Each structure stands twice: as C-alpha cells, then as structure tokens.
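Asker: The structure is given below, and queries will be raised subsequently.
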Amino acid sequence: MCGIVGYIGTKPVKEILIDGLRELEYRGYDSAGIVVLQNHQFSLFKAVGKLINLEEKASLFESTGFSIGIGHTRWATHGKPTELNAHPHVGAVSYVVHNGIIENYQELKNSLTHEGVQFVSQTDTEVIVHLFEHHLSNVGTPFEAFKATLAQLEGAYALLLVTASEDKTIFFAKNGSPMIVGRRGEDETFFGSSDAALIGKAQEVIYLEDGQYGYATAETITLFDPHHHALQSRFTPLSVTKLSAQKEGYRFFMEKEIYEQSTVLADTLMGRLREDEIYFEELPSDLFEGICEIKLCACGTSYHAAMVATYLLERHAKIRTSVEIASEFRYREPLLTPDTLFVVISQSGETADTLETLKMAKKRGLKTLVICNVDNSSMVRLADASILTRAGIEKGVASTKAFATQVSVLWMLSLHLAGLRQTLEASEIGRQISVLRTLPSVVKVENSTHEQLRRLSKRYLHGHGFFFIGRDVFFPLALEGALKLKEISYLHAEGYPSGEMKHGPIALADPELFTIALLPEHKLYDKTKSNVEELSARDSTICSLSPLDFDKADDHIRTHSHSDYMAEFFEMMVILQLFSMEIAIRLGNDVDMPRNLAKSVTVE
Ligand code: M6R
C-alpha cells in the first residue's frame, strides 16, 4: 500500500527520495510523486504507474547544496490512480504526503469549499493541505497552523508537510499509520513509513508512537506527545537488513501478512460502506441488468472465497449462484446462458486456469466481473468490470490477507445486490454493515491467542492426518484451513462439511486423527456440536474453536463472542492461519516458499 519518504540535507535529494520509494515498492502502488524545496523554489513531479515513470519526469532535475523533499507511492483508495490524485497534494504554498484515511474529510472539504477553496483531486488527503493553509492565514506560525490542522483530523494518518515560509523544515505527524524519523551524523534527517526506506541512509531512528507530531530540520528533531508536551528524542540504531526490514520484524512474510489483515481490511472497506447500502464506485450501473444467475470460478484459496460467496449471495440477494474450480470448468463443456453473470476471483489476476474461463465466458457473450488484488492484471484488463480487493502485495505463497479481503468484498457484493434486488430490509443491510465495520478489530491478532497457538502446535506435529470440519460458510473455511496446513506443513489435511463425516470419513477416526472443529455460536451450533461429539466418541483427538465451552474437546481455543456468524468466521480464519504457520515453523519448513508451489500459477 502507500509509502512515505522524506529528506533534509545536502545530498542529492531526488535520488534519496526515489531510492527510498523503491524500497517501499513491494507494498504495491499505482502512482508516485516527490516535491523538493530548494532556494525558495518548489519542484513537483508526479507520475502514474511505476517509479521509472517518475524518474523520467524528473530526469532533468538536479539539486545542489541544501534542500528538503518529501515523496510518496500511492495505492489508490479515494479516487482513481491519476496524476491529480497522486501525492504530494498541493496548496498555494504548501505540500503534503499522507498514508491512512481521513475519515471526516468530506465534512472538512465541504466547509473549505464553502470558503472558496478549490479542490483538484478526489482524495481525502487534499483536505490536509488546504486546512493547513486556512489555519496559516489565521494563526501566527506554520507550526501553530499544523497543530490546529491535526486537531481537526479524524482517522488514521502518517503525514509530512512542507511550506514555503519554513524552507528548512518538515512537519510530521503519526496516528495509526507507521512513521519513522531517522538521522545520520549531525546534519541529515530522514523520514520513512517503514525501516526499508531508511536502511543504508539513516544511522539511528525514532519509531513514532500514535499521536506524536513535531517538526524537523537537518540538525534537530522537535517532538511532542498527544498532549502537546515536548518529548526527548530517543534514537535507536538502525541495523536491520533490507529483507528483515521488509518483514517488519516478523519471522516470515506470511506472519506479517496475517498481522496486516486488520489494516488491509480497513482499506478494503474504505469508501464502500454507507449507512444501509454498499457502494462500489467501480461497478457499471447496468452490470446486474438482465442477470438471473451468478457463476463463480476460481482456484485454490480464491475458490474457497468463492464458495463462501455462494452461501452469501443466495442467502442475501436470493439469486441462483454456483461455483466451479476453474481447471474443471474449462473442459466440461458447460452450459452458459447470457442471463448469467460470470465472476472470477483471483489474487494475482494471472492464474492461467481462471483466466481461460474468463476468456470462455467472454466469448460466449456473458457479462463478466473479476474480484482481484492486482490492478492492470490480465483478468482486470479483460473483464467487463472489476473490484479490487486492496490487500497490498502478498508475498507469502500461502495466501492469507488476499483471502480475507476477497471474502469481505464478496460479502459486500452480496449486500450490494440484496439492496438492488430488495431482498433484504435496509435495516438488515445496515446491521450487517455495522458488523463489516468491526472486521479490522476482529482480525487483530492478540498476543495471548498467538502464544496459545504456538504452544498448542507442538501437539499436532504427528499423527496420520487432520480433518477440518464446519458447516455453512465454515465448511469452505475448513477447506481453507486444511489447504493452509497442507501447503506449508506438508501434513495430510482435509476439509469436510461436518455433517458429511458420518458418510465415510469417520472410519478414519482414532486418537492419531486430529479434528479441528469450527463451532461458531451463531451458525448451526448444535448440529455441528453433534457431529463433533460423534468423532469424539470414536476417540479422535479434537481441537475445537468456539466462544462456547465444549467439554468433549482435547484442546479448546476460545474465540470471542460476536453478534454475527461472519465476525466469528473472520476470527476463526486468523486462528487457522496462525495454527498452520506455527506447525510449519516447528517442522522447520520454509513458510514463505513451500516446496513445489509458486505464487502465481500461470501454467495449466
Ligand atoms: O492468484 P489466484 O488467487 O488466482 O491463485 C489461485 C491459487 O493458486 C492460490 O489461491 C493458491 O491456492 C494459494 N497458494 C493458496 O494459499
């Protein structure tokens, strides 16, 4: 997702900024920009697409002597990836770069517009620079204006601001999004939204805490706490390697990506939730016209997300929905009718099997939609419409945050369609939207839970196999839990609908068969419980996940009590991901690059 860099000093500023942004490229972005202030002159460069485009735009620019600069890579959320929407955002005499979401931006924008301010972008960020300049014209100093600006911002932000009258200073603030200040020697100051941007440049850094803000020159960093008390700058040496910086202290990318789910889900939901309706800016208004059926197609984890969608779309939007594994669908001569919306789901947008089904559907004249994490991927370019999941780059081969964002998009899609087809009361859509809003906190990993799973994992290293079982949407979740475990631990694991065990698989039950039972409070609890009891009676080793006590389990992972089964779904999803990862780590496997697997499967 977005990245921030900043520099104050005498070295070539353009190169330092672009080099820092390059280190943040792995997070994903679709436009970039820098602004340099030197000899009272601003030089601004922005470009859509890769950093090479920005480098070309700025190729004639060179700095000599002292200068300050800020830069940004943007992953579009509010507004399309255009130059106007790229950061830095511009006022009359000031520039800002920002990561996060200004939740009250519309309100601020309305009042600034009322005063005659003209906005040129569709972003939430632009309000910051205009608000700052509004205060600058009323209060004494840029710093007072900066403080007054921060006091009005609601939401998450990490931001850097420069203004003409203080041409040796960068103003900074952090609340909810990461920001690091670094220095080298006595006369260079750096900023970065992650260690990665500062490695090889800064020697020591301060990891800002939420609510901290201040201003920096080349020689000094002046820092305040959220109550406006001055703080002493406490630096720590920056000694990490590039790779560990990208992992941000986590042992594996998969672990980082599991922990990241809270922030990426906030991005996925951003701008799409209204009080009692779901809004997808990107969907053509006639997409669902004449559509009586939905056909979903995908592979692997994306297929499991699609399976979840079949429950939600039929339940909420009352529309016939089916799902197919792409590699099967391709060759079975399927009957396709033009009243079917064909939906493919793919993290990469490049999976060969899924891409081919999309081509087939297009050839047969069906309307097509892709739910994808990668803008400009083959599927996004080909489909009639696309919804981006906004998970940021996923490096771990075992998909985690991509799945979380796919399911949340599909859930939103089911509510969007329910609204259009009037199959759910507005109040029910509103209730579910309030549950969607809780997802970023539901998926936050608690230390105690992770520690329990780490300890528990040592009991599940051997045995002759795992069954992950659940009902309803917890069945595809069980499939996904089993797939995660297989992929990275190489242990045999299967997902099953819990009601199906008695039709055959229960023959395998014995103490060496591990059953991971998903027992949500709000979806078919008693039915699932009976199925798990049947396995327990046959001496299978049971590990249950539930907010309710379950005395037949050998191990019990207590989940939180939620008001809705979908919130339970997301909490259990995180537990299954961590459980697999901890087992794989104990087995000494390469969690990020499991044997025989590739991240993007572009062959049949
Ligand atoms: O990029 P896609 O979502 O189309 O990829 C589909 C599968 O290859 C992918 O989900 C795979 O199953 C992952 N390794 C799951 O962790």
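Heads up: the sequence shown begins at 183 in our numbering, then just goes up one per residue.
Every residue gets a Cβ at the ideal spot worked out from N, C-alpha and C, and that includes glycine.
Just so we're clear, the structure is a prediction, and the values are computed from it rather than from any experiment.
If you measure between the beta carbons of Leu153 and Leu226, is that distance less than 8 angstroms?
Answerer: This structure leaves residue 153 out entirely; the chain is present only between 183 and 786.
Asker: Roughly how far, in whole angstroms, is the beta-carbon of Leu701 from the beta-carbon of Thr710, given that I think they are within contact range, below 8 angstroms?
Answerer: Between Thr710 and Leu701 the Cβ distance is about 5 angstroms, and since that is below 8 angstroms, they are a contact.
Asker: Buried or exposed for Asp733, going by 16 or more other Cβ atoms inside 10 Å?
Answerer: Counting Cβ neighbours within 10 Å, Asp733 comes out exposed, since fewer than 16 surround it.
Asker: Tell me which residues share the same chain as Arg456 and place their Cβ nearer than 8 angstroms to its Cβ, disregarding the 5 neighbours each side in the sequence.
Answerer: Within the same chain, Arg456 has close Cβ partners Ile615.
Asker: Examine the ligand M6R and report whether any of its heavy atoms sits within less than 7 angstroms of the Cβ of Gln759.
Answerer: For the ligand M6R, not one heavy atom lies less than 7 angstroms from the Cβ of Gln759.
Asker: From which residue to which residue does the alpha helix (DSSP H) around Arg365 run?
Answerer: Segment Ile362 to Arg366 is the beta strand (DSSP E) holding Arg365; no alpha helix (DSSP H) there.
Asker: Is the Cβ-Cβ distance between His317 and Ala330 less than 8 angstroms?
Answerer: Yes, the pair counts as a contact, with Cβ atoms nearer than the cut-off.
Asker: For the ligand M6R, is there a heavy atom less than 7 angstroms away from the beta-carbon of Thr483?
Answerer: Answer for Thr483: yes, Cβ within range of the ligand M6R.
Asker: Cβ of Asp369 within 8 angstroms of Cβ of Ala400?
Answerer: Yes, Cβ-Cβ distance for Asp369 and Ala400 is below 8 angstroms.
Asker: Could you check if Ala580 belongs to the surroundings of the ligand M6R, using beta carbon to heavy atom distance under 7 angstroms?
Answerer: Yes, the beta carbon of Ala580 sits closer than 7 angstroms to at least one heavy atom of the ligand M6R.
Asker: Can you confirm whether the segment 283-291 touches the segment 231-243 when touching is taken to mean that 3 or more C-beta pairs between the two stretches lie within less than 8 angstroms?
Answerer: Touching, no.
Asker: Could I get the ranges of all uninterrupted alpha helix (DSSP H) runs contained in the segment 634-700, with 4 residues as the minimum, in chain order?
Answerer: 656-671, all fully within the segment 634-700.
Asker: Could you please give the first and the last residue of the uninterrupted alpha helix (DSSP H) stretch that includes Glu750?
Answerer: Counting along the chain, the alpha helix (DSSP H) containing Glu750 begins and ends at Tyr747 to Arg768.
Asker: Following the continuous alpha helix (DSSP H) through Asn357, name the residue where it begins and the one where it ends.
Answerer: That residue, Asn357, is in no alpha helix (DSSP H); its beta strand (DSSP E) goes Ile352 to Asn357.
Asker: Secondary structure at Thr723, three-state DSSP: helix, strand or coil?
Answerer: The answer is strand: DSSP assigns Thr723 an E or B state.
Asker: Ordered along the chain, which non-local residues of its own chain (more than five positions away) have a Cβ less than 6 angstroms from that of Ala664?
Answerer: So the qualifying residues of the chain are Phe650, Ala675, Glu676 and Gly677.
Asker: Which residue comes first and which comes last in the alpha helix (DSSP H) that contains Ala600?
Answerer: Here the alpha helix (DSSP H) through Ala600 covers Lys583 to Arg603.
Asker: Can the beta-carbon of Pro658 be found closer than 8 angstroms to that of Val490?
Answerer: Yes, the pair counts as a contact, with Cβ atoms nearer than the cut-off.
Asker: Less than 8 angstroms between the beta carbons of Glu265 and Ala214, yes or no?
Answerer: Result no, Cβ atoms of Glu265 and Ala214 do not sit closer than 8 angstroms.
Asker: Determine the closest residue to Glu703 out of Phe696, Glu753, Asp737 and Ile670, with distance taken between C-alpha atoms.
Answerer: When only C-alpha atoms are compared, the closest one is Glu753.
Asker: From Leu618, His742, Asp746 and Gly770, pick the residue whose C-alpha is nearest to that of Ile787; which is it?
Answerer: Any question about residue 787 goes unanswered here, given that the chain covers just 183 to 786.
Asker: For Ala487 and Ser528, what's the separation of their Cα atoms in angstroms?
Answerer: Cα-Cα distance, rounded: 10 angstroms.
Asker: Under 8 angstroms between the Cβ atoms of Ile611 and Asp458?
Answerer: In contact: Ile611 and Asp458 (Cβ atoms closer than 8 angstroms).
Asker: Could you have a look at Tyr513 and say whether DSSP puts it in helix, strand or coil?
Answerer: Tyr513: coil per DSSP, three-state reduction.
Asker: Let me know the secondary structure DSSP gives Gly482 once reduced to three states.
Answerer: Reduced to three states, the DSSP call for Gly482 is helix.
Asker: Answer yes or no: the CB of Ser530 versus the heavy atoms of the ligand M6R, is any distance below 7 angstroms?
Answerer: For the ligand M6R, at least one heavy atom lies less than 7 angstroms from the Cβ of Ser530.
Asker: Measure the alpha-carbon distance for Thr450 versus Thr571 and round it to whole angstroms.
Answerer: Thr450 and Thr571: Cα-Cα distance of roughly 6 angstroms.
Asker: Rounding to the nearest angstrom, what Cα-Cα distance links Lys781 and Ile575 in this structure?
Answerer: If I take the Cα positions, the gap works out to 11 angstroms.
Asker: Report the three-state DSSP secondary structure of Asp349 (helix, strand or coil).
Answerer: If DSSP states are grouped into helix, strand and coil, Asp349 belongs with coil.
Asker: Can you list, in chain order, the stretches of the beta strand (DSSP E) that have 3 or more residues and sit fully within the segment 189-246?
Answerer: Fully enclosed beta strand (DSSP E) runs of 3 or longer: 213-220 and 223-230.
Asker: Can you tell me where the beta strand (DSSP E) holding Phe435 begins and where it ends?
Answerer: Run containing Phe435: none in the beta strand (DSSP E); it sits in the alpha helix (DSSP H), Phe435 to Tyr441.
Asker: Around the Cβ of Leu517, are there at least 16 other Cβ atoms within 10 angstroms (buried) or fewer (exposed)?
Answerer: So Leu517 counts as exposed.
Asker: Out of Pro419, Ala749, Phe462 and Thr351, point me to the one whose CA is closest to Gly364's CA.
Answerer: Answer by Cα proximity: Pro419.
Asker: Any chance the segment 471-482 sits against the segment 531-539, with 3 or more Cβ pairs inside 8 angstroms?
Answerer: Yes, they touch.
Asker: What's the call for Val302, buried or exposed, on a 16-neighbour Cβ count within 10 Å?
Answerer: So Val302 counts as exposed.
Asker: Relative to the ligand M6R, is the shortest distance from any of its heavy atoms to the C-beta of Ser782 smaller than 7 angstroms?
Answerer: Correct: Ser782 has its Cβ closer than 7 angstroms to the ligand M6R.
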